[in-house]
Amino acid sequence: MIQRQEAATTLQEIARAERQSGQAYHYQKASPHLFLWGLIWIVGYAATYARPRWHLLWTILTIIGVLGSFWIGRRARTKESRASYGWRYALTFIAVFLFIVALFAILPPQSSLQIDAFFPLLIAIWYVLMGIWTRAIRVAVLGLALGLLTVGGYFWLQHYFLLWMAAGGGGALILGGFWLRRV
10 MIQRQEAATT
20 LQEIARAERQ
30 SGQAYHYQKA
40 SPHLFLWGLI
50 WIVGYAATYA
60 RPRWHLLWTI
70 LTIIGVLGSF
80 WIGRRARTKE
90 SRASYGWRYA
100 LTFIAVFLFI
110 VALFAILPPQ
120 SSLQIDAFFP
130 LLIAIWYVLM
140 GIWTRAIRVA
150 VLGLALGLLT
160 VGGYFWLQHY
170 FLLWMAAGGG
180 GALILGGFWL
190 RRV
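Take 10 as the starting number for the sequence shown in this note's numbering and just add one per residue.
This is the structure in structure tokens:
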């Protein structure tokens with residue numbers, strides 16, 4: 010006969026295993042997105058450093074990244090999750106876009122360097138919050154690292170900031186993709 014304490018311990022172990030399994034599943038799903046966006050950051054920041062007037066390239070790369078992310082996500086989701094989450098992602102994207110438009114209207118950036126640092130910081134806080142809410146500690150750590158790399162590069166490597174973000178930011182995303190995949 011199973012004692013009450015044994016049953017409680019067994020239930021706790023099952024709950025822990027379930028959490029770890031869920032985390033591993035989410036890490037595996039996030040990993041390809043990090044590879045995609047890491048490559049986009051490397052290309053975008055390096056090209057902007059080489060040709061500062063190529064800021065239009067970011068629009069093209071962002072469209073490629075968003076479409077690629079939707080494609081990766083769509084392939085990874087079941088029919089049930091597509092129906093329940095698809096509209097939420099679309100509305101979230103629209104809300105963030107409108108927030109950025111309003112923010113720049115109220116607090117217009119004074120330099121392109123500020124814009125170049127803003128978006129990585131936005132992504133960094135997104136990862137930190139997502140990691141906190143989903144208990145995905147690795148995602149939160151990746152967001153924190155990305156934020157620190159961005160702020161450090163902004164203040165201490167201004168002349169080489171774009172190269173720093175290509176190597177440091179893009180590299181951090183790719184390394185993060187490998188780290189999440191290794192679960």
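Cβ atoms here follow ideal geometry from the backbone N, Cα and C, with glycine treated the same way.
For residue i, count neighbouring C-beta atoms within 10 Å of its own C-beta (all shown protein chains included) and say buried if the count is 16 or more, exposed if not.
i    : result
W46  : buried
Y36  : buried
A99  : exposed
T101 : exposed
A181 : buried
L70  : buried
P61  : exposed
V75  : exposed
L40  : According to the sequence shown, residue 40 is Ser rather than Leu. Counting Cβ neighbours within 10 Å, S40 comes out buried, since at least 16 surround it.
According to DSSP, is residue i helix, strand or coil?
i    : result
I183 : helix
W63  : coil
I11  : coil
E89  : Because the pLDDT at E89 is just 47, under 50, the model does not fix this residue reliably, and the point stays unresolved.
P41  : helix
Y54  : helix
L189 : helix
State the Cα-Cα distance for the pair residue i and residue j, rounded to the nearest angstrom.
i    : j    : result
K38  : R83  : 11 Å
L153 : R13  : 42 Å
W80  : I11  : 49 Å
A176 : I51  : 6 Å
Y54  : W96  : 31 Å
E89  : H64  : A caution first: E89 carries a pLDDT of 47, below 50, which makes its placement in the model too unreliable to give a value.
L131 : F108 : 11 Å
I124 : R86  : 33 Å
F164 : L43  : 25 Å
T169 : F127 : The sequence given here has Tyr at residue 169, not Thr. C-alpha separation (whole angstroms): 16 Å.
A114 : V150 : 31 Å
L112 : L171 : 23 Å
Mind reading off the beta-carbon distance from residue i to residue j? Whole number of angstroms is fine, and I expect it under 8 Å.
i    : j    : result
A4   : L155 : Missing from the structure shown is residue 4; the chain here goes from 10 to 192 and no further.
G185 : M174 : With a Cβ gap of about 15 Å, G185 and M174 do not count as contacting.
G140 : L158 : Not quite, the Cβ-Cβ distance comes to about 16 Å (not below 8 Å), so this is no contact.
L189 : R147 : 6 Å
L66  : T57  : 7 Å
Any heavy atom of the ligand MN inside 8 Å of the beta-carbon of residue i?
i   : result
R13 : The ligand MN is not part of this structure, which contains no ligands at all.
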